[in-house]
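Trainee: This is the structure I want to talk about, given as structure tokens.
There are 2 protein chains.
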Amino acid sequence: MGATKTDHFTDKQNAIATLAKALGHPARVAIIDYLLKVDTCICGDIVNELPLAQPTVSQHLKELKNAGLIKGEIEGNAICYCIDEKIFQKLQNYFTSVSSKMEVKKSNCC
Amino acid sequence: MGATKTDHFTDKQNAIATLAKALGHPARVAIIDYLLKVDTCICGDIVNELPLAQPTVSQHLKELKNAGLIKGEIEGNAICYCIDEKIFQKLQNYFTSVSSKMEVKKSNCC
DNA sequence: ATTTAATATTGCAATATTACGATAAAGATT
DNA sequence: AATCTTTATCGTAATATTGCAATATTAAAT
Numbered sequence: 540m541g542a543t544k545t546d547h548f549t550d551k552q553n554a555i556a557t558l559a560k561a562l563g564h565p566a567r568v569a570i571i572d573y574l575l576k577v578d579t580c581i582c583g584d585i586v587n588e589l590p591l592a593q594p595t596v597s598q599h600l601k602e603l604k605n606a607g608l609i610k611g612e613i614e615g616n617a618i619c620y621c622i623d624e625k626i627f628q629k630l631q632n633y634f635t636s637v638s639s640k641m642e643v644k645k646s647n648c649c
Numbered sequence: 540m541g542a543t544k545t546d547h548f549t550d551k552q553n554a555i556a557t558l559a560k561a562l563g564h565p566a567r568v569a570i571i572d573y574l575l576k577v578d579t580c581i582c583g584d585i586v587n588e589l590p591l592a593q594p595t596v597s598q599h600l601k602e603l604k605n606a607g608l609i610k611g612e613i614e615g616n617a618i619c620y621c622i623d624e625k626i627f628q629k630l631q632n633y634f635t636s637v638s639s640k641m642e643v644k645k646s647n648c649c
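Going down the list, the sequences are from chains A and B.
Counting the first sequence from 1 gives a position; the working numbering is that position plus 539.
Counting the second sequence from 1 gives a position; the working numbering is that position plus 539.
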């Protein structure tokens, strides 16, 4: 098939998977890195920062935006892309939760 | 094309992307959920917990293992799968780092 | 030694992703 | 208005992922 069976999983599982999937490409991780590095979020030069053609970068930005990891607003001729803090906190919470659950069950595990 | 251009990104970016990608499917998130829930890590019944056929589950387990998110050991007739705490901590650190960097640059952003 | 039980592998079809050239769209500049 | 600059979209080729039936593997149980 090739289509993910999202129906059979919980909303939470699907939500985490969607966010993780969006970060599942080095170019998209690199975009986040860059957005964290630059002072402002006017980011007209992301294309120059990546070893990919402009349409490819645009596509990756779109995916990050669809997943909610970044926000984008048209600013005259350029576009202002910024990280959406809240969504990253969601992921942080998830991994913190996993780690603390691991801490609890440490003794039972191999 | 279709092949990710890993060569042009940093090791760290590729590492995060690989881990995120491994969690980029609800079935694999569900597997992690289940491993966290059960007391021991003898997990011969993962297949019954998921709405997917046995070969599909096996494949997802393999991917989680390849990414390093879980460890698997043959235990007689069954297999003992467990979460690899260290790797999850790596992800936790990443997201904590992103969040704290966001905290710093809050004022400059849109 | 057979059978049973649990997991892995193979092979394949359906679909998704990645990448980019060509082109479009839209505001800025001249 | 014509041009430039920046970003998005379309179309398409190459590759990857998802899912499962069929089969293999391996060890325990009979």
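Every residue gets a Cβ at the ideal spot worked out from N, C-alpha and C, and that includes glycine.
When we look at the beta-carbon of Glu602 (chain B) and count the other beta-carbons within 10 Å, is it buried (16 or more) or exposed?
Mentor: For the purposes of this step, residue 602 (chain B) is identified with residue 63 of the second sequence, where counting begins at 1. Buried, since its Cβ has 16 or more Cβ neighbours within 10 Å.
Trainee: Can you name the start and end residues of the alpha helix (DSSP H) that Ala566 (chain B) belongs to?
Mentor: In the second sequence, residue 566 (chain B) corresponds to position 27, counting from 1. From DSSP, the alpha helix (DSSP H) with Ala566 (chain B) extends over Pro565 to Lys576.
Trainee: So, under 8 Å CB-CB, Leu574 (chain B) and Tyr620 (chain B) are touching, yes? Tell me the CB distance rounded to an integer number of Å.
Mentor: By one-based count along the second sequence, residue 574 (chain B) stands at place 35. By one-based count along the second sequence, residue 620 (chain B) stands at place 81. Indeed they touch by this definition, with Cβ atoms about 6 Å apart.
Trainee: Using the Cα positions of Asp550 (chain B) and Ala556 (chain B), report the straight-line distance between them to the nearest angstrom.
Mentor: Numbered from its first residue, the second sequence carries residue 550 (chain B) at position 11. Numbered from its first residue, the second sequence carries residue 556 (chain B) at position 17. Answer to the nearest angstrom: the Cα atoms are 10 Å apart.
Trainee: By alpha-carbon positions, which one of B:Phe548, B:Ser638 and B:Gly563 ends up nearest to Leu608 (chain B)?
Mentor: As a position in the second sequence, residue 608 (chain B) is number 69, starting the count at 1. Here the closest residue by C-alpha is B:Gly563.
Trainee: Can you look up Lys644 (chain B) in the DSSP assignment and give me helix, strand or coil?
Mentor: Locating residue 644 (chain B) in the second sequence gives position 105, counting from the first residue. It is coil, neither helix nor strand.
Trainee: Just to confirm, is the Cβ distance from Ala561 (chain B) to Gln552 (chain A) under 8 Å?
Mentor: As a working mapping, residue 561 (chain B) is identified with position 22 in the second sequence. As a working mapping, residue 552 (chain A) is identified with position 13 in the first sequence. Their beta carbons are not under 8 Å apart, which means Ala561 (chain B) does not touch Gln552 (chain A) by this criterion.
Trainee: At a CB-CB cut-off below 8 Å, which residues of chain A make contact with Val637 (chain B)?
Mentor: As a first step, residue 637 (chain B) must be located in the second sequence, where it is residue number 98. Result: Ile571, Leu575, Ile622, Phe627 and Gln631.
Trainee: Taking the straight line between their C-alpha atoms, what separation do you get for Met641 (chain B) and Ala559 (chain B)?
Mentor: Indexing the second sequence from 1 puts residue 641 (chain B) at position 102. Indexing the second sequence from 1 puts residue 559 (chain B) at position 20. Roughly 20 Å between the two C-alpha positions.
Trainee: If contacts are defined as beta-carbon pairs under 8 Å, then Pro594 (chain A) and Thr545 (chain B) qualify, I think. What distance do you get, rounded to the angstrom?
Mentor: Counted from its first residue, the first sequence places residue 594 (chain A) at position 55. Counted from its first residue, the second sequence places residue 545 (chain B) at position 6. At roughly 20 Å, the Cβ-Cβ gap does not stay under 8 Å, so Pro594 (chain A) and Thr545 (chain B) are not in contact.
Trainee: Compare the C-beta of Gly607 (chain B) with all C-beta atoms of chain A and state if any pair is closer than 8 Å.
Mentor: Within the second sequence, residue 607 (chain B) is the residue found at index 68, counting from 1. Gly607 (chain B) does not count as touching chain A.
Trainee: Residues in its own chain within less than 6 Å of Glu612 (chain B) by CB, not counting five upstream and five downstream?
Mentor: Counting from 1 along the second sequence, the entry for residue 612 (chain B) is found at position 73. So the list reads Cys619, once near-sequence residues are dropped.
Trainee: Could you give the distance in angstroms between the alpha-carbon of Ile571 (chain A) and the alpha-carbon of Ile626 (chain A)?
Mentor: Translated into positions along the first sequence, residue 571 (chain A) becomes position 32. Translated into positions along the first sequence, residue 626 (chain A) becomes position 87. Their Cα atoms are separated by approximately 13 Å.
Trainee: In three-state DSSP terms, what is Lys538 (chain A)?
Mentor: The structure shown does not extend to residue 538 (chain A), since chain A is modelled only from 540 to 649, so the question has no answer here.
Trainee: Residues of the region 543-560 of chain B in Cβ contact with chain A at a cutoff of 7 Å, in chain order, please.
Mentor: Against chain A - using a Cβ distance shorter than 7 Å - the residues of the region 543-560 of chain B are Thr543, Lys544, Thr545, His547, Phe548, Gln552, Asn553, Ile555, Ala556, Ala559 and Lys560.
Trainee: From which residue to which residue does the alpha helix (DSSP H) around Ala592 (chain B) run?
Mentor: The sequence position of residue 592 (chain B) within the second sequence is 53, counting from 1. Ala592 (chain B) -> no alpha helix (DSSP H), and no H or E assigned at all.
Trainee: Using the rule of at least 16 other Cβ atoms within 10 Å of the residue's Cβ for burial, across every protein chain shown, is Gln598 (chain A) buried or exposed?
Mentor: Start at 1 with the first residue of the first sequence, and residue 598 (chain A) comes out as number 59. The residue in question, Gln598 (chain A), is exposed, as its Cβ has fewer than 16 Cβ neighbours within 10 Å.
Trainee: Is any beta-carbon of chain A found at less than 8 Å from that of Val568 (chain B)?
Mentor: Here residue 568 (chain B) refers to the residue found at position 29 of the second sequence. So yes, Val568 (chain B) belongs to the interface.
Trainee: Which first and last residues belong to the alpha helix (DSSP H) in which Leu558 (chain B) is found?
Mentor: Residue numbering aside, residue 558 (chain B) sits at position 19 when the second sequence is read from its first letter. Element bounds for Leu558 (chain B): Asp550 to Ala561.
Trainee: Just the C-alpha distance for Lys604 (chain A) and Glu624 (chain A), rounded to the nearest angstrom, thanks.
Mentor: To locate residue 604 (chain A), count along the first sequence from 1; it is residue 65. To locate residue 624 (chain A), count along the first sequence from 1; it is residue 85. Each residue's Cα considered, the two are about 13 Å apart.
Trainee: Would you say His564 (chain B) reaches chain A, if we count a Cβ-Cβ gap shorter than 8 Å as a contact?
Mentor: Residue numbering aside, residue 564 (chain B) sits at position 25 when the second sequence is read from its first letter. Output row for His564 (chain B): interface = yes.
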